[in-house]
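Below you'll find the structure, written out as structure tokens, and then a few comments.
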Amino acid sequence: MLGGASELGLAIVGELMADQPADVVLAGRPGSRHREAAIESIREAGAASVRWLDFDAADPAGHPAVIQAAFDQPVDVAIVAFGVLDDPTTWLDHAATVRLAQTNYVGALSVGALLAQQMRAQGHGQIIALSSVAGERTRRSNFVYGSSKAGMDGYYLQLGVALKDSGVNVLVVRPGAVNGRMTAGRRRVPMSVTPQQVARATVEAMRRGKAMIRVPAGFGPLMAVYRNLPAGLASRLF
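In this text, residue positions in the sequence shown follow the numbering used here: the first is 25, and each later residue adds one.
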């Protein structure tokens with residue numbers, strides 16, 4: 025899992041191991057204060073083994089070595105779970121904007137290309153890319169984050185198309201607001217979900233061979249309407 029301390033990613037790994045243990049590789053930030061807790065949670069979930077690889081999503085030059093190390097044995101499922109949120113002032117901060125784009129967009133595409141290369145070579149695999157409903161129509165309230173997710177989302181959807189018939193599948197997961205560490209202290213929003221809810225929906229969709237899901241599923245009809253609203257009306261709603 026890329027984004028080794030991600031609560032959402034860890035929940036998905038745990039759900040995947042509900043039926044049988046697995047060898048797990050967590051790739052996360054060097055010196056992450058959540059590293060030991062993440063490793064312990066995976067052990068408690070029943071992992072046969074757990075490895076941690078230092079991984080900086082915003083440093084694409086270092087990605088090939090990390091992916092190569094993770095694939096020292098065949099990888100059945102790879103989860104792209106890293107990302108950073110914006111805040112109301114991010115758009116005014118050049119360094120913060122670039123850092124967010126490097127992580128959420130450039131970093132996601134970098135590992136996507138490497139995962140596709142490795143899985144095509146081994147002839148099978150599943151990529152799970154954690155996107156967001158925020159990428160379906162960028163909003164004023166979080167347009168730096170939303171625009172990065174829009175680009176990442178589009179890339180992984182079409183990566184799945186490009187990998188058709190290769191034995192490699194791609195699932196894009198678009199959750200609403202996830203109640204967890206990243207959103208602590210922020211106002212709760214309607215249709216928010218827990219990591220466990222997203223994990224259950226993700227694993228079910230993966231096993232059914234889906235290319236994209238929204239969590240909760242009720243976002244489907246809601247976004248179908250919202251995407252087509254006039255800009256003025258849409259801006260007053262969110």
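Glycine included, C-beta positions come from ideal geometry on N, C-alpha and C.
As the structure is a prediction and not an experimental result, all values here were calculated from the model.
So, helix, strand or coil for residue i, using DSSP?
i, result
"Gly107", "coil"
"Arg75", "strand"
"Pro199", "strand"
"Val122", "helix"
"Val99", "coil"
"Thr127", "helix"
"Arg163", "coil"
"Arg67", "helix"
For the beta strand (DSSP E) containing residue i, list its first residue and its last residue.
i, result
"Val48", "47-52"
"Val239", "236-239"
"Leu181", "Note, Leu181: premise wrong, no beta strand (DSSP E); alpha helix (DSSP H) at 167-186."
Can you give me the Cβ contacts of residue i inside the same chain, cut-off strictly under 7 Å, excluding the 5 residues immediately before and after it?
i, result
"Ser171", "Thr162"
"Met41", "Ala69, Gly70, Ala71"
"Tyr129", "Ser172, Gly175, Met176"
"Ser134", "Pro84, His87"
"Asn166", "Asp110, Ala158"
"Val108", "Leu124, Thr127, Asn128"
"Leu34", "Ala62, Ser65, Ile66"
Measure the alpha-carbon distance for residue i versus residue j and round it to whole angstroms.
i, j, result
"Phe79", "Pro219", "22 Å"
"Tyr179", "Gly38", "26 Å"
"Gln150", "Gly28", "17 Å"
"Ala145", "Ile237", "27 Å"
"Val74", "Ile63", "7 Å"
"Ile36", "Trp115", "31 Å"
"Ala229", "Arg57", "32 Å"
"Pro199", "Thr121", "22 Å"
"Leu50", "Leu32", "13 Å"
"Ala61", "Arg67", "10 Å"
"Ser190", "Val90", "23 Å"
"Met247", "Ala241", "10 Å"
"Gln221", "Ser65", "17 Å"
"Val104", "Thr113", "26 Å"
"Asp117", "Pro54", "25 Å"
"Asp43", "Ala119", "44 Å"
"Tyr169", "Ala94", "28 Å"
"Gly204", "Met143", "31 Å"
"Gly136", "Asp96", "18 Å"
"Ala46", "Gly52", "19 Å"
Taking the alpha helix (DSSP H) that residue i belongs to, which residues open and close that run?
i, result
"Arg57", "It is not in any alpha helix (DSSP H) - Arg57 carries neither H nor E in the DSSP assignment."
"Gln150", "That residue, Gln150, is in no alpha helix (DSSP H); its beta strand (DSSP E) goes 149-154."
"Glu31", "31-40"
"Pro88", "87-94"
"Val157", "Element bounds for Val157: n/a, residue is neither H nor E."
"Arg144", "132-146"
Taking 8 Å as the limit between beta carbons, can you name the residues of its chain near residue i, skipping five residues before and five after?
i, result
"Ala186", "Ala140"
"Leu195", "Gln150, Ile151, Ile152, Ala153, Gly184, Thr226, Ala229, Met230, Lys234, Ala235, Met236, Ile237"
"Phe243", "Val157, Arg198, Gly200, Met215"
"Pro254", "none"
"Val202", "Glu31, Leu32, Ser216, Val217, Thr218, Pro219, Val222"
What residues match up with residue i in a beta bridge as DSSP calls it?
i, result
"Val217", "Val202"
"Asn193", "Gln150"
"Leu26", "Ala51, Val104"
So, for residue i: in the same chain, excluding its five sequence neighbours on each side, which residues have a beta-carbon less than 6 Å away from its beta-carbon?
i, result
"Pro98", "Gln146"
"Ala81", "Phe106, Thr127, Gly131"
"Asn193", "Gln150"
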